[in-house]
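Reviewing the structure listed below.
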Amino acid sequence: MEPQEFILHCRNELRACFESTKKGEGDDVKKSRTEGLFQACRLLGILTSEEVRDIYEEEHILVFGETIQRRKKRKEHMSQLKAYSPDDYFDIPAIERMR
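FYI, in the working numbering the residues of the sequence shown are -3 to 95.
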């Protein structure tokens, strides 16, 4: 397998992992396998750590429509809102809360 083919395979696995998470069907085994693929890319010198981070960001934006950091902050905010102000939390439409 050529390096570019392997990178494409890694991207596809990462996207599938993110899509499963988006559907609420997170799979720890698939996540670990995907992380292992990217670790192999680093060890074999196919990608640098920065390139791997960039790929993660690109695929995350494609699937979730926002950066990893922004989604993390939004989810933390929703958790805090739910804990401290359940009424305000439930005033937000469920479709928006579950994004």
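Beta carbons: idealized from backbone N, C-alpha and C, even for Gly. All of these numbers come straight from a predicted model, not from anything done at the bench.
Just verifying my parser: in three-state terms, what is the DSSP assignment at residue i?
i	result
G32	helix
P89	coil
For a quick check, are the C-beta atoms of residue i and residue j less than 8 Å apart?
i	j	result
C6	K26	no
Measure the C-alpha to C-alpha separation of residue i and residue j and round it to an integer number of angstroms.
i	j	result
G61	L40	31 Å
E1	D50	18 Å
For residue i, would you say it is in contact with chain C, using Cβ-to-Cβ distances shorter than 8 Å as the test?
i	result
G22	Here chain C cannot be found, since the structure has a single protein chain.
Taking its Cβ as the centre, do 16 or more other Cβ atoms sit within 10 Å of residue i, making it buried, or is it exposed?
i	result
L58	exposed
L43	buried
F86	exposed
I91	exposed
Apart from the five residues on each side of it in sequence, which residues of its chain come closer than 7 Å, Cβ to Cβ, to residue i?
i	result
E55	R7, L10, R11 and F14
G22	S16
Here's a check: name, in chain order, each residue in its chain whose Cβ is nearer than 6 Å to the Cβ of residue i, leaving out the five neighbours to either side.
i	result
K71	none
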